[in-house]
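Residue numbers (my numbering), protein chains in the order written: chain A, 14 to 125; chain B, 16 to 129. Reading through the structure tokens given below for one structure.
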Amino acid sequence: GDSVTQMEGPVTLSEEAFLTINCTYTATGYPSLFWYVQYPGEGLQLLLKATKADDKGSNKGFEATYRKETTSFHLEKGSVQVSDSAVYFCALREGGSYIPTFGRGTSLIVHP
Amino acid sequence: EAGVTQFPSHSVIEKGQTVTLRCDPISGHDNLYWYRRVMGKEIKFLLHFVKESKQDESGMPNNRFLAERTGGTYSTLKVQPAELEDSGVYFCASSQVSSADTQYFGPGTRLTVL
Numbered sequence: 014g015d016s017v018t019q020m021e022g023p024v025t026l027s028e029e030a031f032l033t034i035n036c037t038y039t040a041t042g043y044p045s046l047f048w049y050v051q052y053p054g055e056g057l058q059l060l061l062k063a064t065k066a067d068d069k070g071s072n073k074g075f076e077a078t079y080r081k082e083t084t085s086f087h088l089e090k091g092s093v094q095v096s097d098s099a100v101y102f103c104a105l106r107e108g109g110s111y112i113p114t115f116g117r118g119t120s121l122i123v124h125p
Numbered sequence: 016e017a018g019v020t021q022f023p024s025h026s027v028i029e030k031g032q033t034v035t036l037r038c039d040p041i042s043g044h045d046n047l048y049w050y051r052r053v054m055g056k057e058i059k060f061l062l063h064f065v066k067e068s069k070q071d072e073s074g075m076p077n078n079r080f081l082a083e084r085t086g087g088t089y090s091t092l093k094v095q096p097a098e099l100e101d102s103g104v105y106f107c108a109s110s111q112v113s114s115a116d117t118q119y120f121g122p123g124t125r126l127t128v129l
């Protein structure tokens, strides 16, 4: 079945550092890929998505590129802020389904 | 516009007790979903309502879990009797039928079974 593997956290960075959170997936078809973010006390929010190979999703300074050859969708940001501290979930969704398959989540802690 | 709300935010109960979680979706959203995240693991799908009907309940772990959505508005998820392995965070999400691939999530209910 489908699965998503994310790097374990927590990831601890200083403000303005470069961020990478790795995500790889296994899928039977050609899924859409997503990153969700959960800020403390809030629900999951869609951060960005990509629907086909080589697409780049971007939002709020975050980027991720759909790499079919490496089955990866790594999340990057050039300069993190304290307000980026949250839990980040990588997910995929196969065509025809509205139910995402999530990874385990990666906690990001950014220090001033 | 209010988002998806869930009540309570936290619940601590003893093994064998009953707990009922509530989810209020965004007004007008006919699709309602329940998910669960056990500590440190993936968020897993539990079930999906369209209005008051259960569209897909393939993720429900066993018959100790009962979900209802009477009247097609809010939903409840009852766990009876609770077991230790039921501990986790229960998320609810809702979406419009016309844009079902965009789900809005609530903040979750953290359930601890002692």
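Backbone N, C-alpha and C fix where the C-beta goes; we use that ideal spot for every residue, glycine too.
I want to see whether chain B comes within less than 9 Å of residue i, judged by CB atoms only; does it?
i                     : result
residue 17 (chain A)  : yes
residue 58 (chain A)  : yes
residue 55 (chain A)  : yes
residue 39 (chain A)  : no
residue 114 (chain A) : yes
residue 51 (chain A)  : yes
residue 102 (chain A) : yes
residue 111 (chain A) : yes
residue 106 (chain A) : yes
residue 118 (chain A) : yes
Measuring CB to CB, does residue i end up less than 9 Å from residue j?
i                     : j                     : result
residue 126 (chain B) : residue 58 (chain B)  : no
residue 110 (chain B) : residue 48 (chain B)  : yes
residue 119 (chain A) : residue 86 (chain A)  : no
residue 121 (chain B) : residue 18 (chain B)  : yes
residue 67 (chain B)  : residue 85 (chain B)  : yes
residue 55 (chain B)  : residue 96 (chain B)  : no
residue 15 (chain A)  : residue 88 (chain A)  : no
residue 50 (chain A)  : residue 102 (chain A) : yes
Determine the DSSP secondary structure at residue i, reduced to helix, strand or coil.
i                     : result
residue 19 (chain B)  : coil
residue 9 (chain A)   : Outside the shown range of chain A, which is 14 to 125, sits residue 9 (chain A), and nothing can be said about it.
residue 68 (chain B)  : strand
residue 114 (chain B) : helix
*asked:* Please give me, in chain order, every unbroken run of the alpha helix (DSSP H) with length at least 4 that falls completely inside the region 85-109 of chain B.
replied: none
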